[in-house]
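Trainee: Could you have a look at this structure, given as structure tokens, before my questions?
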Amino acid sequence: MTQKEAFLKYLELMDFEMLDLIMDDSITYFGATKKVFLEKLKFITSYLDLPEAANSIKVWQHKKHQNIYYIYLKYISRTSKFFIEEEDNKIKKIYTNHRIKNRNDAIRLTSFDLFFMEDEMADFIATDKYLNLSNKCKDAYEELVNDEIHILTSKDISNYLIRHENLFRSVWDQYKISSYRYFTNFYFMLNNDFKKLRHFKEANIALKTFSNSTLPELHDWLVEYYSLAWTKVNSFNISFSKIDFDEKTIQWLFYSNIYFTGEDFFTIIKFDKLYFEQYMLYNNSVS
């Protein structure tokens, strides 16, 4: 068995001990060192430790090009393409031609993609500025994303966003840097939901003026608050995994240790639910 054949076999099996033995420390893997590459694989498989994910990793060769391969994570439907260069039956280089050209490319990347950001590359040089920003991003992120339960009001969210706004602005455009992404993604999503809370008063008026006693009245109400429902607070409810009306708390879908509370949250949730229930009822009535 050649080194390449062994690598492909143990990659599919995710046998880290054997991969560690047969992989050369002197070459790069997708641009990263052997150590960083194996850590990435271990991170990916840690989310696949489920009965449904058994035998879900497949590796195969391109039908026409012998140096092109694919790795497929069936359970989460992620495929990565890579190339292997050989010389005298020894692996000289394993790489991908995928590049991040803009922010949308970076956003589309997930933690399960076999791709490495600039600061994960073997040739990356960490400057003092980079280390300083990385530490600040880590501290800001772990201020809320940790092992503790945090129940936040809109005021708490506002304070957090204001407190870390300058940091967010300073790293937002550096989307090719891995160590900034946890914080920037968290800040962006939190701010996105917070913006919808600004429409609390309009949602409150909409609830108070709601009437479906006649179809024309319902029609007028749906038209009046169309923009609020479809644009300003659209999909607000799907950001939450658990809405507890008794305890007055809402669990955030994206970070399970974070909960929200407050009249503004529940008002918009009630409006969002009511509007689309009535929208469906009205359409069914007139169709």
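Add 644 to the 1-based position in the sequence shown for the numbering used here, that's all there is to it.
Note that the Cβ used here is the ideal one computed from N, Cα and C, for glycine as well.
Taking the alpha carbon of T797 as the point to measure from, which residue in L663, T893 and E683 has its own alpha carbon closest?
Mentor: For T797, the nearest C-alpha among the options comes from T893.
Trainee: Cα-Cα, which of L758, I744 and T754 is closest to F727?
Mentor: Minimum Cα distance to F727 is reached at L758.
Trainee: Throw me the rounded Cβ distance for the K648 and E730 pair, which I believe falls under 8 Å.
Mentor: Indeed, because the Cβ distance is near 6 Å, the residues count as touching under 8 Å.
Trainee: Classify E762 as helix, strand or coil using the three-state DSSP reduction.
Mentor: It is helical.
Trainee: Express the C-alpha separation of N733 and N803 in angstroms, rounding to a whole number.
Mentor: Going by the C-alpha atoms only, they are around 59 Å apart.
Trainee: When DSSP labels each residue in this structure, what does E891 get in the three-state scheme?
Mentor: Here E891 sits in coil by DSSP.
Trainee: Quick check: I801 and F838, are their CB atoms within less than 8 Å of each other?
Mentor: Yes. Within cutoff.
Trainee: Starting from F739, trace the beta strand (DSSP E) both ways and give me its first and last residue.
Mentor: The sequence shown places Tyr at residue 739, rather than the Phe named in the question. Note, Y739: beta strand (DSSP E), K734 to Y739.
Trainee: Which residues mark the beginning and the end of the alpha helix (DSSP H) in which H863 is found?
Mentor: It spans L859 to E868 - the alpha helix (DSSP H) in which H863 sits, taken as one unbroken run.
Trainee: Expressed to the nearest angstrom, what Euclidean distance is found between the alpha-carbon atoms of M667 and L685?
Mentor: Looking at the two C-alpha atoms, the distance is approximately 14 Å.
Trainee: Would you please state the rounded distance, in angstroms, between the beta carbons of H843 and K876? I believe it to be under 8 Å.
Mentor: The pair is a contact, with the Cβ atoms about 5 Å apart (cut-off 8 Å).
Trainee: Starting from I726, trace the beta strand (DSSP E) both ways and give me its first and last residue.
Mentor: The identity of residue 726 in the sequence shown is Phe, whereas the question assumes Ile. First-last of the beta strand (DSSP E) with F726: R722 to E731.
Trainee: Between L682 and D659, what straight-line distance do the alpha-carbon atoms span, to the nearest angstrom?
Mentor: L682 and D659: Cα-Cα distance of roughly 10 Å.
Trainee: Fully enclosed by the stretch 774 to 825, which beta strand (DSSP E) runs are 3 residues long or longer?
Mentor: If we require 3 residues or more, the beta strand (DSSP E) runs fully inside the stretch 774 to 825 come out as 794 to 796.
Trainee: Assuming L851 contacts T905 (C-beta within less than 8 Å), just tell me the rounded distance between them.
Mentor: Wrong, their Cβ atoms sit about 18 Å apart, outside the cutoff.
Trainee: In angstroms, rounded to a whole number, what distance separates the CA positions of I913 and L717?
Mentor: Approximately 36 Å between the Cα atoms of the pair.
Trainee: Can you tell me which of the three DSSP states Y673 falls into?
Mentor: In this structure, Y673 counts as strand in the three-state DSSP scheme.
Trainee: Among the residues of its own chain, which have a CB less than 6 Å from the CB of Y870, if the five just before and after it don't count?
Mentor: None.
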